[in-house]
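Take a look at the structure:
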């Protein structure tokens, strides 16, 4: 029993018995057994003391997370700010737009009525080129004629119902840059086969070659060599050579930093983009699948991409910015953010700030079979007018 000051042990016991003093509990443990300051034997206080390290850990973790995310938050804020302002007057179609078409137009699934409907759809738009999927190329660069049996029919039907619109063969393949399976551009025999395939399909009546090889690392010299060879094939025929291009580094050398953590080449350097643009008649930026979470940041990103591409695309080359004429929702492409209105506004802002009067400029719509009425309406109202 704890001693009460000013009493003997017997007096204290008697006082307790008489009710003058409250009964005392068992002796307190030594100070070495306490969990904290005075009163540490209180269970509630012990729990509070035990919770302090946890709270400190959470605060430190939250601070570390904020510091780690600060560059990303800063970049996203900059993109959102880039989406502000008003596009310049006259930043609308130059009648050099393009539309990617699916394989059904050349494999027998489409009929005359479909071409009639397509002609009606394109009436009054700025579309000049159709990139109709006519591959894919084999990994060795060859192209079986069996994959485009109705190509000649489609080309003739377009010329009849859509005079002035060119039909280009959309050819692509997966490159063996992320695995063993795919086309190996380092092989000169493969590149020679791609050139022969281009010659073969131009003989069918196509007015150009639209090449889409992915994923293409920035700075790939074999790709530039292939483009030079294809240009020697298309120029004497007065045919177009166009390519689908990766996005440009939104930050300098980001493609290099990204490559330290993944084998997937998301971006091209601005220098490499310019090298490609100088070798072709048209370059269409695949300005979608950006992982941007908001319409404002996506539109700001497209505005930035438009400016970066304009800076290095020669005046003699058509620059086309891709519009997402499809909807999906995943980490790479948030459907609520990557919308046609946001993309068109971004294109107009980038054009306004960099080269508002450029004539060889347009948008490319990806892709016909996934487009909605809302996509077409936004394109016509916001870009064609």
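In this note's numbering, the protein residues as written are 28 to 412.
We put the beta carbon where it would ideally sit given N, CA and C, even for glycine.
These numbers were taken from a predicted model, which means no experiment stands behind them.
| Item | Value |
| --- | --- |
| Less than 9 angstroms between the C-beta atoms of residue 326 and residue 376, yes or no? | yes |
| Apart from the five residues on each side of it in sequence, which residues of its chain come closer than 6 angstroms, Cβ to Cβ, to residue 271? | 239, 311 and 313 |
| Give me whichever residues DSSP pairs with residue 210 in a beta bridge. | 202 |
| Find the nearest neighbour of residue 165 within the set 132, 199 and 157, judged by alpha-carbon distance. | 199 |
| Here's a check: name, in chain order, each residue in its chain whose Cβ is nearer than 8 angstroms to the Cβ of residue 60, leaving out the five neighbours to either side. | Any answer about residue 60 is weak, because its pLDDT of 41 lies below 50 and its placement is not dependable; what the coordinates show is given next. Here the set comprises nothing. |
| Can you give me the C-alpha to C-alpha distance between residue 389 and residue 367, rounded to a whole angstrom? | 14 angstroms |
| Under 7 angstroms Cβ to Cβ from residue 220, same chain only, skipping five residues before and after it: list those, please. | 167, 168 and 169 |
| Could you pull out every unbroken beta strand (DSSP E) segment of at least 3 residues lying fully inside the region 110-170, listed in chain order? | 124-128 and 154-160 |
| I'd like to know whether the C-beta atoms of residue 126 and residue 409 end up nearer to each other than 9 angstroms. | no |
| Measure the C-alpha to C-alpha separation of residue 295 and residue 372 and round it to an integer number of angstroms. | 23 angstroms |
| Considering only residues of the same chain and omitting the five flanking positions on each side of residue 120, which have a CB-CB separation below 7 angstroms? | 153, 389, 410 and 411 |
| Quick check on the DSSP output: what are the complete alpha helix (DSSP H) runs of length 4 or more inside the region 331-412, in order along the chain? | 367-381 and 400-406 |
| Specify, as a first and last residue, the run of the beta strand (DSSP E) that residue 9 falls within. | Because the chain in this structure spans residues 28 to 412, residue 9 falls outside the shown range and cannot be described. |
| Tell me whether the region 210-220 and the region 248-257 touch, counting them as touching only if at least three CB pairs, one residue from each stretch, are closer than 8 angstroms. | yes |
| Would residue 89 be called buried (16 or more neighbouring beta carbons within 10 Å of its own) or exposed? | exposed |
| Can you tell me which of the three DSSP states residue 307 falls into? | coil |
| Less than 9 angstroms between the C-beta atoms of residue 298 and residue 266, yes or no? | no |
| Taking the alpha-carbon of residue 196 as reference, which of 176, 115, 245 and 157 has the nearest alpha-carbon? | 157 |
| Looking at C-beta atoms only, is the number of pairs between the region 328-335 and the region 102-114 that lie closer than 8 angstroms three or more? | yes |
| Would you mind giving the Cβ-Cβ distance between residue 352 and residue 398, rounded to the nearest angstrom? I have them listed as a contact below 8 angstroms. | 4 angstroms |
| Output the distance between the C-alpha atoms of residue 230 and residue 275, rounded to the nearest integer angstrom. | 34 angstroms |
| The beta strand (DSSP E) with residue 268 in it runs from where to where? | 267-272 |
| Run through DSSP, which three-state label would residue 297 get? | helix |
| Please list the terminal residues of the continuous alpha helix (DSSP H) segment that includes residue 185. | 178-188 |
| Per the DSSP calculation, residue 444 is bridged to which residue(s)? | Residue 444 falls outside the range modelled here, since the chain spans only 28 to 412, and no answer is possible. |
| Can the beta-carbon of residue 27 be found less than 9 angstroms from the beta-carbon of residue 218? | Only positions 28 to 412 of the chain appear in this structure, which leaves residue 27 out of reach. |
| Buried or exposed: where does residue 278 fall if 16 or more other Cβ atoms within 10 Å of its Cβ makes it buried? | exposed |
| What separation, rounded to the nearest whole angstrom, lies between the Cα atoms of residue 188 and residue 205? | 43 angstroms |
| My guess is that residue 393 and residue 315 are in contact by the Cβ rule of under 8 angstroms, so how many angstroms apart are they, rounded? | 7 angstroms |
| In the DSSP assignment, find the unbroken alpha helix (DSSP H) run with residue 250 in it and report its ends. | 248-261 |
| I'd like the span of the alpha helix (DSSP H) that includes residue 229, first residue to last. | 215-230 |
| Keeping to the same chain, check which residues put their C-beta closer than 6 angstroms to that of residue 201; ignore five residues upstream and five downstream. | 209 |
| For residue 312, write down the residues that DSSP places opposite it in a beta bridge. | 272 and 348 |
| In chain order, what residues of the same chain lie with their CB nearer than 6 angstroms to the CB of residue 228, ignoring the 5 residues before and after it? | 196 |
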